[in-house]
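Residue numbers (our numbering): 81 to 283.
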């Protein structure tokens, strides 16, 4: 994640640490980290839903702030709007996407959602001719159990939620010989909204 580097100037004198927390540890870890001084947090998958439940928010969250009580929001929607741009009006097949499925559904209610592990439809109507694949699988998960979409889809774009150089979304775009859009723009757009949210916290 680029989070520590991207927000370094925003927080100036506050230390920014990357802390690995498993799903099983989430409910215990965040209160413990608060006792150690945690005041702001960017929450990544697969902890978004668990963190939302912990602070009694309906749905997943990706941003936390403690200013006497926990406050939370999800800036993924802003990032997705920026990432998709004009392509959100195309026929979209979502491949994977786990932690941001709710945000994707809000922006792309007509999209078809597929499991990256089985290739089976999870939500929406099955589509045979998508213009766009919204790629939502990281390299580690894909290496364990992932598979690529059907070769005969007439895909024009692969839009990747990832922004790393080893994202399987790059290979997917190469397989189709189509255009590729990195998730870096999404990260930057949602990170700007995170900073706006944190600015309102009275810490």
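Glycine residues also receive a C-beta, built at the ideal position from the N, C-alpha and C atoms.
- Exclusion of the five residues before and after residue 151 leaves 145, 281 as the residues of its chain whose Cβ lies within less than 7 Å of its Cβ.
- Three or more Cβ pairs closer than 8 Å define a contact, and the stretch 224-239 meets that threshold against the stretch 157-169.
- Taking residue 163 as reference, the option from 270, 127, 274, 94 with the minimal CA-CA separation is 270.
- Cα atoms of residue 120 and residue 128: separation of roughly 15 Å, rounded to the nearest angstrom.
- The residues 84, 87, 88, in chain order, have a CB closer than 7 Å to that of residue 96 in the same chain once the five nearest residues on each side in sequence are set aside.
- Rounded to whole angstroms, the separation of the alpha carbons of residue 115 and residue 157 is 30 Å.
- By DSSP's assignment, residue 98 forms no beta bridge with any residue.
- Counting every other CB atom within 10 Å of its CB across the protein chains shown gives residue 259 a total below 16, marking it as exposed.
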